[in-house]
Amino acid sequence: MTRFWFLPILLVCLLFLLGVDRITPKVTESAFTSDYNVDVIDEVKVPACDGVKLDARLLKPEAEGERPTVILLNGYGIDGSAAESYEEDLKRYAESGYAVLHISARGLGDSEGEGGLYKGFGTDGHDAVEWAASQSWSTGDVGMLGRSLQGTAQWLTAAEAPPALKAISPEVSCADCYEHLWYPGGMEMGPGRSLFGGYGFQGASKHRTYDDWWENRTVTAEDFQAMSDAGIAVLASGGWQDYLTDGTVDAYTQFHNAGGKGLLVVGPEAHGGFEDVAPYPFDELEKRFMDAYVKQSRDEPPLGEAAALLYQYETEAWFAYENWPAVPKKPFYLRAQSSESLESDGDYSLRPKPPTEAKEPALYEFTKAHGPYLNTFFEQFVGRTTEDQTPVEERVATWTTPPLKETAALIGTPVLNVYAAFSKADADIAVQLSVVAEDGTSTLLTSGYQHAPAAEAPYDTLADPHQPREYTVDFAPMSVELSAGSRLRLSIAGGTVPETGMYIAEGPGLNDTSVTTAVHHDALHPSKIQLPLMRGEVAAFQSSEEADDEHADGAAKSGFLPERQGLPSFEEAMRLKH
1 MTRFWFLPIL
11 LVCLLFLLGV
21 DRITPKVTES
31 AFTSDYNVDV
41 IDEVKVPACD
51 GVKLDARLLK
61 PEAEGERPTV
71 ILLNGYGIDG
81 SAAESYEEDL
91 KRYAESGYAV
101 LHISARGLGD
111 SEGEGGLYKG
121 FGTDGHDAVE
131 WAASQSWSTG
141 DVGMLGRSLQ
151 GTAQWLTAAE
161 APPALKAISP
171 EVSCADCYEH
181 LWYPGGMEMG
191 PGRSLFGGYG
201 FQGASKHRTY
211 DDWWENRTVT
221 AEDFQAMSDA
231 GIAVLASGGW
241 QDYLTDGTVD
251 AYTQFHNAGG
261 KGLLVVGPEA
271 HGGFEDVAPY
281 PFDELEKRFM
291 DAYVKQSRDE
301 PPLGEAAALL
311 YQYETEAWFA
321 YENWPAVPKK
331 PFYLRAQSSE
341 SLESDGDYSL
351 RPKPPTEAKE
361 PALYEFTKAH
371 GPYLNTFFEQ
381 FVGRTTEDQT
391 PVEERVATWT
401 TPPLKETAAL
411 IGTPVLNVYA
421 AFSKADADIA
431 VQLSVVAEDG
441 TSTLLTSGYQ
451 HAPAAEAPYD
461 TLADPHQPRE
471 YTVDFAPMSV
481 ELSAGSRLRL
491 SIAGGTVPET
501 GMYIAEGPGL
511 NDTSVTTAVH
521 HDALHPSKIQ
531 LPLMRGEVAA
541 FQSSEEADDE
551 HADGAAKSGF
561 LPERQGLPSF
571 EEAMRLKH
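Going letter by letter, the sequence shown gives residues 1 to 578 in full-length UniProt numbering.
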């Protein structure tokens, strides 16, 4: 019998303690019915508070009576290909006994007013919800549907907390689109945003920094609290291959932390929605969610009290989690000694124990013309890059763990807390996390971005870039199993570029400023990455040499620590380099 016979038992016990259930598909009666013939009424005019009339199409059962109501506020208008993709689903709701209102956003189609990027989504959505609830064909209880831009319309409407709004279902969308779409981490706008132009690009490009214009188009912490207090239920959904899922997960996390009720669903797909969800196809799960909160049937929500339903790669299975975030984060520290996993001058270690001595910072240079760069993480409709990252990692600064002793999983959003200094204030931090197989192949798991001047208000200045300070970089969320023998590798650079053949790259643009960066990883600057690691405590990544950590670190270099609180300035770090 193998000496590790107990590991599967430990995994089952840990899953139980964390409130995790593996979900299997169910064969069950559809939540949709064909009980009603449907009336389709065009040119319905929905009044906004400023007198503008929004053009809408109403679908409702022919039979008289009050109906639970769902609204789709369409940022592309109710006609054309973007609207046609919704028609069958909206009809199914009407056949099942719902009144359905499909509305063109202001300035689009026959809707009055001046349009613009997210303009009026919140206030117009609020007015549409309250108007629909007051109609003779409505029970007064309203929900909202829609994906991508239409998902953002739901978040902004819910931020206004209209009393009649009972539930929203934003798919593949963002509630803070400055941070998660247009200017990732405050960095430059990327090729995926500028490629198509249009009024969205024109509006966003005029507001490079987060200003009042963006604040009026963003759901804030206070807004999430207002949603929760109003009792609005949220079914937030996305895909691990989708470039907006970090926005989806961030919004749901803030809402959930504010005490909100709902469910986070993340599947394996890219942008455009998804179907293959366990225990039900997504449209069935969404219908059951609306039935529970808008129709107010006696049925409980589709997964009861679960907070999240996530697909996990490698296992190709769905898991329901009672809590969100599902897994506590564990710190892994950036260390100055080589990991001996790369033939690179920028090869360092990532360990569960913090550094104990003074060490020289890791230095790297960046220019727009020559990089070195990381690979852009997402293509709009294909998803994550699958190329071996080793050639990229050999040109940048990396920190790699020892081999993993046993199978583990990363479930959630990693966070990097890094101490850095820059030769110039206009600097960017681009990071990625990859898993390195035993054969050395490196697969990109997630990435994150931060424009240094955007780290804190007023979001456009950096008082003294030469002094090391702590920066926080959020990665895109993930759910992946890690096999025994694999390593995790953190890479840091000054920007990203699309791989050859990546058609619509979704990520940041390149900074025009050439910058030298010093990443500090010593006792006074304990840079770390916080990993949502399930099973296998941090010791699973600990090398045998760390039994005597001080010897592994080596003696401090004489004269390295200056008297001023032991903090080397950028100029001092540069002298050490040369």
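Just so it is clear, CB atoms sit at the ideal spot from N, CA and C, and this is done for glycine as well.
By the DSSP assignment, the alpha helix (DSSP H) with residue i in it spans what residues?
i: residue 227; result: 221–230
i: residue 392; result: 390–393
i: residue 257; result: 245–257
i: residue 531; result: Note, residue 531: premise wrong, no alpha helix (DSSP H); beta strand (DSSP E) at 528–531.
i: residue 287; result: 282–293
i: residue 214; result: 212–215
Please report how far the alpha carbon of residue i lies from the alpha carbon of residue j, in whole angstroms.
i: residue 326; j: residue 349; result: 27 angstroms
i: residue 255; j: residue 224; result: 5 angstroms
i: residue 419; j: residue 331; result: 15 angstroms
i: residue 363; j: residue 521; result: 11 angstroms
i: residue 568; j: residue 357; result: Residue placement at residue 568 is flagged as unreliable, the pLDDT there being 37, under the threshold of 50; a coordinate-derived value is accordingly withheld.
i: residue 606; j: residue 47; result: This structure cannot settle anything about residue 606, because the visible part of the chain is limited to 1 through 578.
i: residue 307; j: residue 21; result: 12 angstroms
i: residue 508; j: residue 148; result: 19 angstroms
i: residue 496; j: residue 231; result: 41 angstroms
i: residue 415; j: residue 385; result: 21 angstroms
i: residue 250; j: residue 402; result: 30 angstroms
i: residue 404; j: residue 447; result: 21 angstroms
i: residue 107; j: residue 431; result: 40 angstroms
i: residue 67; j: residue 137; result: 6 angstroms
i: residue 270; j: residue 433; result: 19 angstroms
i: residue 322; j: residue 314; result: 22 angstroms
i: residue 548; j: residue 487; result: Below a pLDDT of 50, predicted positions are generally treated as unreliable, and residue 548, at 40, falls in that range; no measurement from the model is reported.
i: residue 181; j: residue 63; result: 44 angstroms
i: residue 583; j: residue 122; result: For the chain, the structure presents residues 1 to 578; residue 583 sits outside this window and is missing.
i: residue 236; j: residue 417; result: 27 angstroms
i: residue 238; j: residue 221; result: 21 angstroms
i: residue 114; j: residue 203; result: 13 angstroms
i: residue 279; j: residue 116; result: 39 angstroms
Measuring alpha carbon to alpha carbon, tell me which of the options ends up nearest residue i.
i: residue 281; options: 260, 295 and 303; result: 303
i: residue 211; options: 57, 186 and 396; result: 186
i: residue 406; options: 534, 253 and 242; result: 534
i: residue 98; options: 153, 111, 37 and 53; result: 37
i: residue 241; options: 382, 183 and 464; result: 382
i: residue 438; options: 342, 43, 139 and 518; result: 342
i: residue 360; options: 524, 55, 110 and 130; result: 524
i: residue 234; options: 286, 199, 208 and 277; result: 286
i: residue 151; options: 141, 118 and 139; result: 118
i: residue 347; options: 353, 335, 354 and 355; result: 335
i: residue 375; options: 499, 220, 135 and 94; result: 499
i: residue 176; options: 248, 278, 135 and 50; result: 248
i: residue 41; options: 58, 49 and 28; result: 58
i: residue 205; options: 218, 479, 188 and 366; result: 188
Could you check whether residue j and residue i sit closer than 7 angstroms to each other, using their CB atoms as the reference points?
i: residue 290; j: residue 494; result: no
i: residue 368; j: residue 510; result: yes
i: residue 506; j: residue 389; result: no
i: residue 532; j: residue 410; result: yes
i: residue 396; j: residue 491; result: yes
i: residue 153; j: residue 125; result: yes
i: residue 72; j: residue 145; result: yes
i: residue 424; j: residue 294; result: no
i: residue 101; j: residue 56; result: yes
i: residue 284; j: residue 94; result: no
i: residue 489; j: residue 436; result: yes
i: residue 589; j: residue 333; result: Absent from the structure is residue 589, since the part of the chain shown begins at 1 and ends at 578.
i: residue 23; j: residue 318; result: yes
i: residue 427; j: residue 515; result: yes
I'd like to confirm something about residue i: is its beta-carbon nearer than 6 angstroms to some heavy atom of the ligand GTP, or not?
i: residue 64; result: Absence of the ligand GTP from the depicted structure is noted, as is the absence of any ligand whatsoever, leaving it without description.
State the start and end residues of the unbroken beta strand (DSSP E) segment that holds residue i.
i: residue 615; result: Here the chain covers residues 1 to 578 and nothing more, so residue 615 does not appear.
i: residue 470; result: 469–474
i: residue 45; result: 38–47
i: residue 647; result: Outside the modelled stretch of the chain, which goes from 1 to 578, sits residue 647, for which no answer is possible.
i: residue 312; result: 308–312
Residue i bridges to which residues according to DSSP?
i: residue 581; result: Because residue 581 is not part of the residues shown, which for the chain are 1 to 578, the question remains open.
i: residue 53; result: 47
i: residue 102; result: 57 and 72
i: residue 92; result: DSSP, once it has assigned bridges, lists no residue as partnering residue 92.
i: residue 378; result: 384 and 506
i: residue 430; result: 449 and 493
i: residue 22; result: 319
i: residue 606; result: Nothing about residue 606 can be read from this structure; the chain reaches only from 1 to 578.
i: residue 32; result: Residue 32 is not bridged to any residue.
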